[in-house]
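J.:
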Amino acid sequence: MHHPQATSRNSAAQDASKAASGVLARLRACNPRVHCITNAVAQNFTANILLAAGCIPSMTLSAEEIGPFVAGAQGLLVNLGTFDGERRQAAVIAIDTAARHTLPWVLDPVFVDRAPPRAAFARELIARRPSVVRLNHAEFHALAGHAPSRDAVAAYAGANKIVLGLSGETDLVTDGERIVALTNGHPLMTKVTAMGCAGSALVAGCLAVEPDAFHATVAALLMIGIAGETAAEKAEGPGSFANGIIDALYNLDGAAVVARAKVF
Amino acid sequence: MHHPQATSRNSAAQDASKAASGVLARLRACNPRVHCITNAVAQNFTANILLAAGCIPSMTLSAEEIGPFVAGAQGLLVNLGTFDGERRQAAVIAIDTAARHTLPWVLDPVFVDRAPPRAAFARELIARRPSVVRLNHAEFHALAGHAPSRDAVAAYAGANKIVLGLSGETDLVTDGERIVALTNGHPLMTKVTAMGCAGSALVAGCLAVEPDAFHATVAALLMIGIAGETAAEKAEGPGSFANGIIDALYNLDGAAVVARAKVF
Amino acid sequence: MHHPQATSRNSAAQDASKAASGVLARLRACNPRVHCITNAVAQNFTANILLAAGCIPSMTLSAEEIGPFVAGAQGLLVNLGTFDGERRQAAVIAIDTAARHTLPWVLDPVFVDRAPPRAAFARELIARRPSVVRLNHAEFHALAGHAPSRDAVAAYAGANKIVLGLSGETDLVTDGERIVALTNGHPLMTKVTAMGCAGSALVAGCLAVEPDAFHATVAALLMIGIAGETAAEKAEGPGSFANGIIDALYNLDGAAVVARAKVF
Chain A
1 MHHPQATSRN
11 SAAQDASKAA
21 SGVLARLRAC
31 NPRVHCITNA
41 VAQNFTANIL
51 LAAGCIPSMT
61 LSAEEIGPFV
71 AGAQGLLVNL
81 GTFDGERRQA
91 AVIAIDTAAR
101 HTLPWVLDPV
111 FVDRAPPRAA
121 FARELIARRP
131 SVVRLNHAEF
141 HALAGHAPSR
151 DAVAAYAGAN
161 KIVLGLSGET
171 DLVTDGERIV
181 ALTNGHPLMT
191 KVTAMGCAGS
201 ALVAGCLAVE
211 PDAFHATVAA
221 LLMIGIAGET
231 AAEKAEGPGS
241 FANGIIDALY
251 NLDGAAVVAR
261 AKVF
Chain Y
265 MHHPQATSRN
275 SAAQDASKAA
285 SGVLARLRAC
295 NPRVHCITNA
305 VAQNFTANIL
315 LAAGCIPSMT
325 LSAEEIGPFV
335 AGAQGLLVNL
345 GTFDGERRQA
355 AVIAIDTAAR
365 HTLPWVLDPV
375 FVDRAPPRAA
385 FARELIARRP
395 SVVRLNHAEF
405 HALAGHAPSR
415 DAVAAYAGAN
425 KIVLGLSGET
435 DLVTDGERIV
445 ALTNGHPLMT
455 KVTAMGCAGS
465 ALVAGCLAVE
475 PDAFHATVAA
485 LLMIGIAGET
495 AAEKAEGPGS
505 FANGIIDALY
515 NLDGAAVVAR
525 AKVF
Chain F
529 MHHPQATSRN
539 SAAQDASKAA
549 SGVLARLRAC
559 NPRVHCITNA
569 VAQNFTANIL
579 LAAGCIPSMT
589 LSAEEIGPFV
599 AGAQGLLVNL
609 GTFDGERRQA
619 AVIAIDTAAR
629 HTLPWVLDPV
639 FVDRAPPRAA
649 FARELIARRP
659 SVVRLNHAEF
669 HALAGHAPSR
679 DAVAAYAGAN
689 KIVLGLSGET
699 DLVTDGERIV
709 ALTNGHPLMT
719 KVTAMGCAGS
729 ALVAGCLAVE
739 PDAFHATVAA
749 LLMIGIAGET
759 AAEKAEGPGS
769 FANGIIDALY
779 NLDGAAVVAR
789 AKVF
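Protein sequences appear in the order of chains A, Y and F. The opening residue of the first sequence carries number 1 in the working numbering; numbering runs sequentially from there. The opening residue of the second sequence carries number 265 in the working numbering; numbering runs sequentially from there. The opening residue of the third sequence carries number 529 in the working numbering; numbering runs sequentially from there.
1. Taking the straight line between their C-alpha atoms, what separation do you get for residue 171/A and residue 656/F?
2. Short check: CB of residue 754/F to CB of residue 784/F, under 9 Å?
3. Any C-beta of chain A sitting closer than 9 Å to the C-beta of residue 637/F?
4. Just how far apart, CA to CA, sit residue 714/F and residue 361/Y?
5. With three or more C-beta pairs closer than 8 Å as the rule, is the stretch 103-118 of chain A touching the stretch 139-157 of chain A?
6. Does any C-beta atom of chain F lie closer than 9 Å to the C-beta of residue 265/Y?
7. At 7 Å on the CB atoms, spell out the chain F contacts of residue 43/A, in chain order.
8. Do residue 704/F and residue 548/F come within 9 Å of each other at the CB atom, strictly closer than that value?
9. What are the start and end residues of the beta strand (DSSP E) that includes residue 295/Y?
10. Do residue 635/F and residue 662/F have their C-beta atoms closer together than 9 Å?
11. Can you confirm whether residue 455/Y, when its beta carbon is compared against all beta carbons of chain F, has any partner nearer than 9 Å?
12. Rounded to whole angstroms, what's the CA-CA distance from residue 515/Y to residue 508/Y? Just pull it up for me.
13. Using the DSSP secondary-structure output, state which residues sit across from residue 709/F in a beta bridge.
14. Excluding sequence positions up to five away, which residues of its chain have a Cβ less than 8 Å from the Cβ of residue 270/Y?
15. Restricting to Cα atoms, I'd like to know which of 27/A, 60/A and 120/A is closest to residue 610/F.
16. Tell me the rounded alpha-carbon separation between residue 456/Y and residue 15/A.
17. What residues in the stretch 236-247 of chain A bring their beta carbon closer than 8 Å to a beta carbon of chain F?
18. Kindly say whether residue 196/A, judged by its beta-carbon, lies nearer than 9 Å to any beta-carbon of chain Y.
19. For residue 265/Y, does the count of other Cβ atoms within 10 angstroms reach 16, so buried, or fall short, so exposed?
20. With a threshold of 6 Å on Cβ separation, who are the neighbours of residue 766/F within its own chain once the five nearest residues in sequence on each side are excluded?
21. Quick check: the Cα distance between residue 38/A and residue 411/Y, rounded to an integer number of angstroms?
22. Which residues bound the alpha helix (DSSP H) around residue 567/F?
23. Rank 539/F, 600/F and 633/F by C-alpha distance to the C-alpha of residue 734/F and give the top, closest one.
24. Tell whether a beta-carbon distance below 9 Å holds between residue 605/F and residue 564/F.
25. Report all residues from its chain with a CB closer than 7 Å to the CB of residue 118/A; omit the five preceding and five following residues, and keep chain order.
26. Identify each residue in the stretch 50-65 of chain A for which the Cβ-Cβ distance to at least one residue of chain Y is less than 7 Å, and report them in chain order.
27. What is the C-beta distance between residue 737/F and residue 693/F, in whole angstroms, given that I count them as a contact (C-beta under 8 Å)?
28. Between residue 515/Y and chain F, is there a C-beta pair that is closer than 9 Å?
29. Starting from the beta carbon of residue 442/Y, find every residue of chain F whose beta carbon is closer than 7 Å, and list them in chain order.
30. So for residue 326/Y, helix, strand or coil by DSSP?
31. Helix or strand or just coil, what does DSSP make of residue 372/Y?
32. Where does residue 585/F land, buried or exposed, given buried means 16+ other C-beta within 10 angstroms?
33. Which of the three DSSP states, helix, strand or coil, is assigned to residue 122/A?
34. Mind checking the stretch 72-86 of chain A against chain Y and listing, in chain order, the residues whose C-beta falls within less than 8 Å of any C-beta there?
35. Closest to residue 523/Y by CA distance: which of 281/Y, 277/Y and 275/Y is it?
36. Got a sec, what are the start and stop residues for the beta strand (DSSP E) residue 399/Y sits in?
The following block contains the structure:
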């Protein structure tokens, strides 16, 4: 018996996987500027991940300067790790600037499960309509008030008119209508700080060269997941792995993305 | 002729060395949350060292959020490197929260020998009774007003009711009554920024799973010292060494700790 | 036909190349303290580059403490990346302190091409007479109002009474009278964040042991460029390269500097 929803899901998976190869090629060709409001732990690693993929990162947070930096960028990340007054003010200016320039942006609501004021602020930002929200299971639970089942995740994305990238053993990406599961990646990725933050920054980079936010999100998560698998083949632990994933992302090409993508 | 003090010292050394293996096993099993107020230079490396040992780090500094983060943690580090108003305010809130939750905490009074106001603030914090103070010779001298002889270090620890971990060519750990010398480690450890800071964070992680602060401190310094020796066998310089020590710590097991510990 | 200016340039190149070897030897022997006001992305990598070269870095930014830190240092870096109120205030105090102690300092006007207020502040700082300004082509253009031709660069250095280190495919170093081109380095250096920032910090380190700011600048750029070439021989991408350049700088000796220097 034929199951229409499954077919539409498979077709979304095939499209997304093919699109990822094109997104990578455009990152290499266009070198988009990506401005990142991110936590102090993640700044260096995030910048190096973006450079390895072909993007040009900037990271300034000062209220006086962030407007021109965002206005000159093609993508924006707002990451709530190590949040403080300076970053909060920077985020508001940056999002206003992004709205004026129709710049796509990504929200990474790091650790909203740990501090209620952070969750409240994240909800305000989601109301400002980021293109993508990327988070883990505990963070989804804190924001949505319930566990991230496949249906719940799709419903939350649809209701908030965002693409949602949920990371876990299996990643889920959905815009409310399309939904795919991604199984690339390696357990060592959880042993390197800022790996998720850097992945969110790469989503912002992909949004800069791919107008379909669903495809951009799948592309970024595939790239980092496949680079992680490649790096794990040689790594002796999380220290060598952290460098290895930068090397692998730098050397990744579209053919490898298509050949190794596990999208369902 | 029998020398009772030497015997008691040897017995402390044997106990501490055995305890370290158990502490490592509990880090791997319990994955304690360790909140770190630390300097911007050290944040990334510290987080990766904690992850490699089995801990879950968090690093936020904002006054609005740090209370819940500390309340949800099992260990706390207060490191004074790159100290500023934000970190000072965060430290006060964090220590108040730790006191309410009887959370053990570690003070690392980085560079108190360079700036008098920092030394004064460190003395105020020591009066708040950290479980452990970890510092180097110049920092001890600045706080205590005299050089760190073996007796002076034990006296300072006893008078302040703290465990003191003094790093140098030979590390000393004392609670005023017990005192041991540790000679594991490698000179390359002084050529990687934030190595001492990360070691102090690991003490906070060990305190989360070991109620005897003397044993927790010895365990952390043994782990990082032995990982350093292992990493140095392959390193080509401080760059590869910085990653290698993370790999080595990740791969360290209790048997290696017992076999390689040099505690006297 | 004989061309006197070319001769004088060649002689400057030979002098500078020989001087570099001596500067490196003095870094290893004297371990100068270098205080860095630098951006959050660059702090860790910069500290490790300085340690690898033989310097002792410090990075505090707080208004209360930075005076004593600068007063106790032998070199100072003011880097404008991720600039904010705290760093702006720190820079003013640090430069006042440097002036009182006749301490040499380096300005790295990162991204002044992206935000007009930052360019205005950089011009104020140049009027305070840093020993060296190190920047790239876009940053020179933003400050000087025109493109960095060889003559324009020399004229700008002469008019502002500074040494100028201009990075690009070919680096230029000039004090207005002497000018040399340096062609050491590797394209991977542009794929690691904070590489230029760390190079500027190394200039500050070299100034601490070499009173001729022109020679100090050439020495620092040679060291980092040659270390980059060495690291690139083994690197598999920018991740392994970032560590490799630290290893290579740590292992660099004066003979290698003289043998591999490409100064014209």
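Every residue, glycine too, gets a C-beta built ideally from N, C-alpha and C.
T.: On the basis of the supplied data:
1. 53 Å
2. yes
3. no
4. Answer to the nearest angstrom: the Cα atoms are 50 Å apart.
5. Contact between the stretch 139-157 of chain A and the stretch 103-118 of chain A is present, because at least three Cβ pairs lie under 8 Å.
6. Here residue 265/Y scores only 38 on pLDDT, less than 50, and its place in the model should not be relied on; the value that follows carries that caveat. Taking Cβ atoms only, chain F never reaches closer than 9 Å to residue 265/Y, which makes this a no.
7. 568 and 569
8. No, the pair does not count as a contact, with Cβ atoms beyond the cut-off.
9. Neither: residue 295/Y is in no beta strand (DSSP E) and is coded neither H nor E.
10. yes
11. yes
12. 10 Å
13. 700/F
14. Interpretation of residue 270/Y is limited by its pLDDT of 43, a score under 50 that renders its predicted location unreliable; the figure taken from the coordinates is listed afterwards. Within its own chain, no residue has a Cβ closer than 8 Å to the Cβ of residue 270/Y once the five positions on either side in sequence are excluded.
15. 60/A
16. For residue 456/Y and residue 15/A, the distance between alpha carbons rounds to 46 Å.
17. 242, 243, 244, 245, 246 and 247
18. no
19. Because the pLDDT at residue 265/Y is just 38, under 50, the model does not fix this residue reliably, and the value given afterwards should be weighed accordingly. Looking at its Cβ environment, which holds fewer than 16 other Cβ atoms inside 10 Å, residue 265/Y is exposed.
20. Only 716, 719 and 720 meet the Cβ criterion.
21. One C-alpha to the other measures close to 42 Å.
22. It is not in any alpha helix (DSSP H) - residue 567/F carries neither H nor E in the DSSP assignment.
23. 633/F
24. Going by C-beta atoms, residue 605/F is nearer than 9 Å to residue 564/F.
25. Cβ within range, chain order: 80, 83, 111 and 112.
26. From the stretch 50-65 of chain A, no residue has a Cβ closer than 7 Å to chain Y.
27. Incorrect: roughly 17 Å between the Cβ atoms, too far for contact.
28. no
29. Annotation: residue 442/Y has no Cβ neighbours in chain F at a cutoff of 7 Å; minimum Cβ distance is about 33 Å.
30. coil
31. strand
32. Of the other Cβ atoms in all chains shown, 16 or more fall within 10 Å of the Cβ of residue 585/F; this residue is therefore buried.
33. helix
34. Answer in chain order: 81, 82, 83, 84 and 85.
35. With respect to the C-alpha of residue 523/Y, the residue from 281/Y, 277/Y and 275/Y having the closest C-alpha is 281/Y.
36. 396-400
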